């Protein structure tokens, strides 16, 4: 025997009912013995409640609302039953609506809607849907019968949630089913008292009906047909990467349901669970999908947790005071007072010192809870033993659930780590001794971010996402987007990582889309959909979106943009940038950014500040973290100046080398910006700070490279003329170096806490002697690399290598957050 239950969405339209009929006919064709339970059509129960309240309020418009419900059922009859056979069904449906209309008229006359009457009104939802579908089955030649559950399920007179009398109910179910072989179409949700007064079974009532019948008949399985592919690892409306859980235990289902999972309501399935009846959760709209099996013991899973559930809105009540410590009976009085006043507690957390107890409840009960507890503990409050009752609203609960947590170490650590890395504060927490559930209370505004972050870290076989907001999509930013596009497939398949471009901005337009702009057609989208660029608006929107694993990527050299870095880091958004402005400003600003990133558990990465894609800063940070001490740093940190002095030699005029560098695009429009050494000074300043030397920009000594006449030239053209005039000066420098067997190099040095930038000569023993092209080179002399310095050499400029350095920093963040 199988018991099938179809929910409201499954019987809500002609098309969905056609699918239901197909499912039933397929079962019968396979020789299955079946009973089927139906809910009311989707939305009808709520509409009937609304109509009842309107009638009680004397609002005559309830009649029109009732006609709409009636027409909805008639439409199904017309759509599913041949015209020749419609009349009897129409008559039966009209009979029920006439009965309902009479009840509503009585309600409108006496202007009262009791719980007993409301149960009767609500019962028409299931009675109508089940009647219509049973008639449809009969019209198709199926031996089917309408079964009014009020005749077989008996409860006490607690209206709204009747308490089932299982002794009588089980006896009546067995007797009823023994007398028939037809397919029984049973009304869900409804029952009756011993004197035939209609009652309802409360939340999950139709599931309860199916469970009661299945348990009484010792069914082999219950199939719950709904509108999703079984129970999911998280709510798919909130977590796009959520997927179906193939197998789950009764206990896990109970926990997930308690904390918001609405696919099934396990307490109503307790009769079936008591008899170890397997439950299948299946999708009416995807009948080929295997769905979820709910059993006493679930199959072994690949993950330490089974699923994540949440309650969107709760209030947290806190009672505390020194007078509670060591006093017996406080908890008993507290929860008894709440129970007597029908206030349900969702979560409890108590300090081991007994100084405070906090618990979460439905926000609608918050004021009532305060009044109840202030009355209960009025004496303790008046004498100062209890400080008072505080209530915090706009909170949510997230629960991670799974029997696998018992055998997996570090689950709590992983949970709190991912929340911390995303800047999500935990207000309260609770964990049962069974290790089946860890629950946290967080701000409601962080709910979506938290769910996605937790899901990403616990279900890593599914692709996780990094949300990128890129400002500056010119040469470097555009190259970065191209590199991301080229690596998209590899990252998804090999690294299980999705780089979601959630925001882009150039000097004219900006575009933000949390669902993704795409790295392939971003130019078209920003052109067609973008709005006028406003950096404050861009940053504010980023913060408001509050997406998990957000990264701000600044690919500009804008001096103004750095003012937002601290704000972004403080909002738990990591920052990646080749922009040197922030780190070469005041030392206080540099330290502030480092501390904010550390405090918020996010990353501030700027490898490309020095040496483009070369691993210079990462190397320093690694050596510093491992306890090494820096004695000296020597570096050639300008690709432009490297090219110039690597090319300058006997028989070559200095002016010609500078012109060639400009023609190749190595220099700024005015080459004096490079030859001034200012950029090199910023870079050695950053390296000094990275090794712990607190220098300011003014502390870096830059020896003047150009003679005064070259600096004073009013135009770039005049500057080149002055270089010709000064050819003898540069020729002398070169010839003197050659005479000593040395070469000219423009070197930044940090030693004994002092930073200098100057043109020097090096001999053949120096690692900089053989440098060629436009490469950068850095030599680290440390306690560990004292005799043979650690040397890093390679391209230190160019869009490709700079973008790849930025890309590497982004990947570093993905590893940290993942």
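Residue numbers (my numbering): 189 to 1006.
For each residue, glycine too, the CB sits at the ideal point set by N, CA and C.
Predicted model, so just to flag it, every value in this text is computed and none were measured.
Could you check what DSSP says for residue 934 in three-state terms: helix, strand or coil?
strand
Within the same chain, show all residues whose beta-carbon is closer than 6 angstroms to that of residue 509, passing over the 5 residues directly before and after it, in chain order.
573, 574, 575
Cut-off 6 angstroms between Cβ atoms - residues of its own chain near residue 418, not counting five sequence neighbours on either side:
432, 469, 479, 480
Secondary structure at residue 766, three-state DSSP: helix, strand or coil?
coil
Where residue 791 falls, given that 16 or more other Cβ within 10 Å makes a residue buried
buried
Counting Cβ pairs closer than 8 angstroms, one from the segment 730–745 and one from the segment 755–764, do we hit at least three?
yes
In the DSSP assignment, what are the bridge partners of residue 983?
963
In its own chain, which residues sit with a C-beta less than 8 angstroms from the C-beta of residue 1004, not counting the 5 before and 5 after it?
609, 791
Reduced DSSP secondary structure (H/G/I, E/B, other) of residue 189
coil
Whole-number beta carbon distance between residue 825 and residue 964, since they are thought to touch under 8 angstroms
6 angstroms
Cα-Cα separation between residue 153 and residue 386, rounded to whole angstroms
The chain is shown only over 189 to 1006; residue 153 falls outside these bounds and no answer can be derived.
Cβ separation of residue 532 and residue 549, assumed to be a contact under 8 angstroms, to the nearest whole Å
7 angstroms
Beta-ladder partner(s) of residue 698, from DSSP
693, 719
Can you give me the C-alpha to C-alpha distance between residue 873 and residue 823, rounded to a whole angstrom?
12 angstroms
Please classify residue 368 as buried or exposed, where buried requires at least 16 other C-beta atoms within 10 Å of its C-beta.
exposed
Would you report the Cα separation of residue 851 and residue 845, rounded to the nearest angstrom?
10 angstroms
Looking at the unbroken beta strand (DSSP E) that takes in residue 944, where does it start and where does it end?
942–950
For residue 629 and residue 723, which I take to be in contact (beta-carbon distance under 8 angstroms), what is that distance rounded to the nearest angstrom?
In fact, because the Cβ distance is near 35 angstroms, the residues do not count as touching under 8 angstroms.
Determine, using beta-carbon pairs with one atom in the segment 202–215 and one in the segment 423–430, whether at least three such pairs fall under 8 angstroms.
no
Can you tell which of 207, 332, 512, 859 has the C-alpha that lies nearest to the C-alpha of residue 476?
207
Report the rounded CA-to-CA distance for residue 750 versus residue 770, giving the unit in angstroms.
6 angstroms
Considering only C-alpha positions, which residue in the set 839, 911, 834, 863 is nearest to residue 931?
834
Using DSSP with H/G/I as helix, E/B as strand and the rest coil, what is residue 743?
coil
Starting from residue 387 and walking both ways along the beta strand (DSSP E), at which residues does that stretch end?
386–388
If distances are taken between C-alpha atoms only, which option among 862, 634, 710 comes closest to residue 658?
710
As a quick exercise: from 528, 877, 405, pick the residue whose alpha carbon is nearest that of residue 773.
877
DSSP state of residue 500 mapped onto helix, strand, coil:
strand
Which same chain residues, not among the five before or five after residue 507, have their C-beta less than 6 angstroms away from its C-beta?
545, 577
Compare the Cα-Cα distances from residue 636 to each of 583, 675, 598 and report the closest residue.
583
Considering only C-alpha positions, which residue in the set 897, 638, 742, 917 is nearest to residue 910?
897
Skipping 5 residues on each side, what residues in its chain have a beta carbon closer than 8 angstroms to that of residue 697?
714, 715, 718, 719, 720, 721
Using DSSP with H/G/I as helix, E/B as strand and the rest coil, what is residue 495?
strand
Among residues of its own chain, excluding the 5 on either side of residue 147, which ones have a beta-carbon nearer than 6 angstroms to its beta-carbon?
There is no way to answer for residue 147, as the model of the chain reaches only from 189 to 1006.
When DSSP labels each residue in this structure, what does residue 919 get in the three-state scheme?
helix
Would you check if the segment 296–304 and the segment 357–371 touch, i.e. whether three or more CB-CB distances between them fall below 8 angstroms?
no
Identify the continuous beta strand (DSSP E) that holds residue 535 and give its terminal residues.
535–538
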